Amino acid sequence: MKMLLLGIWTLLALIPCPGTTEELFEVSVWPNPALVKFGQSLTINCSTTCPDPGPSGIETFFKKTQLGKGPQWKEFLLEDVTENSVLQCFFSCGGVQKDTMLYITMFQPPEQVILDLQPEWVAMDEVFTVKCHVPGVAPLQSLTLTLLQGDQELHRKDFMSLSVASQRAEVTISVRAQRENDRCNFSCRAVLDLSPQGGGLFHGSSATKELRIFEFSQSPKIGVSSLLEVGVADTMNCEVFRVFPAQEAVFRMFLEDQELSPFSSWKGDAAWASATIRAMETGDQELTCLVSLGPMEQKVRRPVHVYSFPPPVLEVEDAYPLAGTDVNVTCSGHVLTSPSPTIRLQGAPNLSAPGEPAWFLFTAREEDDGRNLSCEATLEVQGQRLLKTTKIQLHVLYKPRFEESSCPGNQIWIEGMDQMLACIPQGNPTPALVCIWNGMVIDLDVPQKATQNHTGTYCCTATNQLGSVSKDIAVIVQGLHEGITSSTIFIIVISTLGMAVITIALYLNYQPCKRNRRKRAPRQREQNKDEESQFTDIQAEECNSHYC
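Per mature numbering (1 follows the signal peptide of the UniProt record, and there is no 0), the sequence shown runs over residues -21 to -1, 1 to 527.
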């Protein structure tokens, strides 16, 4: 019996009891937490405190390779980690197995941040969208997207509250376009914050995109005459109002299929362009103006009629007739004018019938030299009356002659002063003038200081292709004192008249002085008679001197 009890106690001693070494061992894994970039590998170390562990390893669906091991640890390499997962590391000790779980977080930095503006050109007061998308970023719950206008934050979005099924790394907002938005830069900033998982901050930014705002609500207008003359340059204008930005409006202008070369300008919310047009064919044609701004363009057309109306043909039998000869003038419509115009010839007694020429005959006179002969042609085109005029200047030829008004026969020079012989002959062609004094030809264009030696007779001859004529001019040189005497006499007369006026005024205003003034009156009259006598003597002396 004692032996039986001893055996039982021996067996009980061999059975492990709760709280022994195998129950106290631990299993751990490193790194914890585990972060790995998408597609890369992760080294895992699994270890235990069991002094003599039994079977051990890791459980994962990733491809694994054991890199090394020790008495209480094993190291593995996980390859091509592409998603989040849970790894199990286990050890057995004294027949007891323990494990620990490792949460592996796969992350993908925001390497590509895509910003989309829809549309990039927006009509004013229309709505445009700003959208930011980050493909492949993970984990989404750690991502924050921020939309920026310049440096100003428009909208921020995080993804903490999104369910896994609805996870998309994007943010979209809608904005109503205003003028101040034009040329604004929009961008998107992405931040992946892995600091709670033991990682760091990863940043990404989109390329900047510029938004364009435009207003183009009114159609352009063409300004041009409805009638164009063939071969004659005219100007075509095209303008548009309430356009923004006006300086970026692009004009294209056409005459039928011929593109013109416009010059454009702008001010405020208006833009305009002008181009030179030259139609080379008659008939109905069409002008086109096309204005584009951003994605929008507007076109306007204008019909025009091209006509042919050359000036009338004015013919003068002789545009350089001799004075006294007959001149025949004829005017007719140009052969390229259709229908035939109505002709009116200035000076003709009657108005000619439509399509008929006009003419008249007159005798050329000297006073007709320089006369403009004029002919008018009128033509009605599409209800508009058109007028063309042709002019020819008549040149009447006549022999030279001297007029007393332009070439006086008697001329007085003042001694010591610069003088020139005054003589301009008449005639057509303009005569050449030669003047001779004392056998010498004098220079008529250079003034000369007058002396008594210049007194004498000058012989002047005017010559043109039709003949010549001569005239003698008597020149008298007066002394300087003679000129002053005449001036002195004039001053004395004026002074005398002034004194008389003053005397009368004093007489009317101061009665007590009447008697004294009556006494002085005879004496004043005697003085005036003496002055008049002196003036008469001086005039006679000048006349005698001139006559000599």
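Even for Gly, the Cβ is constructed at its ideal location relative to N, Cα and C. Bear in mind that the values here come from a model prediction, so they are computed numbers and not experimental data.
Starting from the C-beta of residue i, find all residues in its chain whose C-beta is less than 6 Å away, skip the five residues before and the five after it, and write them out in chain order.
i, result
"residue 293", "310, 354, 369 and 371"
"residue 228", "222, 250, 270 and 272"
"residue 278", "269"
"residue 89", "113, 116, 169, 171 and 183"
"residue 446", "378"
"residue 233", "267"
"residue 342", "305"
"residue 325", "353"
"residue 410", "379, 404, 441, 442 and 443"
"residue 287", "209, 261 and 315"
Do residue i and residue j have their C-beta atoms within less than 9 Å of each other?
i, j, result
"residue 266", "residue 166", "no"
"residue 193", "residue 269", "no"
"residue 151", "residue 212", "no"
"residue 149", "residue 112", "yes"
"residue 393", "residue 459", "yes"
"residue 456", "residue 391", "yes"
"residue 528", "residue 431", "What is shown of the chain runs -21 to 527, which leaves residue 528 out entirely."
"residue 533", "residue 137", "Since the first and last residues shown for the chain are -21 and 527, residue 533 lies out of range."
"residue 318", "residue 376", "no"
"residue 29", "residue 73", "yes"
"residue 373", "residue 429", "no"
Tell me which residues share the same chain as residue i and place their Cβ nearer than 7 Å to its Cβ, disregarding the 5 neighbours each side in the sequence.
i, result
"residue 196", "221"
"residue 14", "84, 86, 173, 176, 177 and 178"
"residue 331", "322 and 337"
"residue 121", "171, 172 and 173"
"residue 289", "313, 315 and 316"
"residue 11", "81"
"residue 132", "125"
"residue 155", "104 and 106"
"residue 153", "106 and 108"
Can you tell me whether residue i is helix, strand or coil according to DSSP?
i, result
"residue 46", "strand"
"residue 432", "helix"
"residue 119", "helix"
"residue 559", "Since the first and last residues shown for the chain are -21 and 527, residue 559 lies out of range."
"residue 105", "coil"
"residue 297", "coil"
"residue 5", "coil"
"residue 373", "coil"
"residue 315", "coil"
"residue 465", "Unreliable positioning characterises residue 465 in this predicted model, as indicated by a pLDDT of 45, which lies under 50. A coordinate reading is not provided."
"residue 355", "strand"
"residue 394", "coil"
"residue 389", "strand"
"residue 227", "helix"
"residue 235", "coil"
"residue 532", "Residue 532 cannot be examined here, being either before or after the span of the chain that is shown, -21 to 527."
"residue 244", "strand"
Between residue i and residue j, what straight-line distance do the alpha-carbon atoms span, to the nearest angstrom?
i, j, result
"residue 118", "residue 87", "7 Å"
"residue 253", "residue 219", "12 Å"
"residue 307", "residue 352", "11 Å"
"residue 282", "residue 329", "39 Å"
"residue 291", "residue 348", "23 Å"
"residue 275", "residue 101", "10 Å"
"residue 285", "residue 96", "49 Å"
"residue 53", "residue 186", "47 Å"
"residue 56", "residue 34", "19 Å"
"residue 99", "residue 191", "6 Å"
"residue 91", "residue 158", "31 Å"
"residue 51", "residue 9", "14 Å"
"residue 435", "residue 407", "30 Å"
"residue 433", "residue 425", "15 Å"
"residue 37", "residue 78", "9 Å"
Taking all protein chains shown into account, decide if residue i is buried (16 or more other Cβ within 10 angstroms of its Cβ) or exposed.
i, result
"residue 498", "At residue 498 the pLDDT is 35, less than 50, meaning the model places this residue with poor confidence and gives no usable figure here."
"residue 32", "buried"
"residue 404", "buried"
"residue 239", "buried"
"residue 208", "buried"
"residue 108", "exposed"
"residue 48", "exposed"
"residue 39", "buried"
Kindly list the residues whose CB is nearer than 8 Å to the CB of residue i, restricted to its own chain and excluding five residues on each side of it in sequence; keep chain order.
i, result
"residue 65", "80, 81, 82 and 83"
"residue 245", "225, 226, 228 and 251"
"residue 381", "402, 404, 405, 439, 441, 448 and 450"
"residue 400", "390, 414, 421, 423, 437, 439, 452 and 454"
"residue 203", "213, 214, 215, 216, 256, 266, 281 and 283"
"residue 58", "20, 41, 42, 43 and 44"
"residue 490", "Caution is warranted here: a pLDDT of 39 is assigned to residue 490, below 50, making its placement in the model unreliable, and the coordinate value is therefore given only provisionally. So no residue of the chain qualifies."
"residue 129", "163 and 164"
Closer than 8 Å to a non-hydrogen atom of the ligand FAD - does that hold for the CB of residue i?
i, result
"residue 450", "With respect to the ligand FAD, the structure shown offers nothing to examine, as it has no ligands at all."
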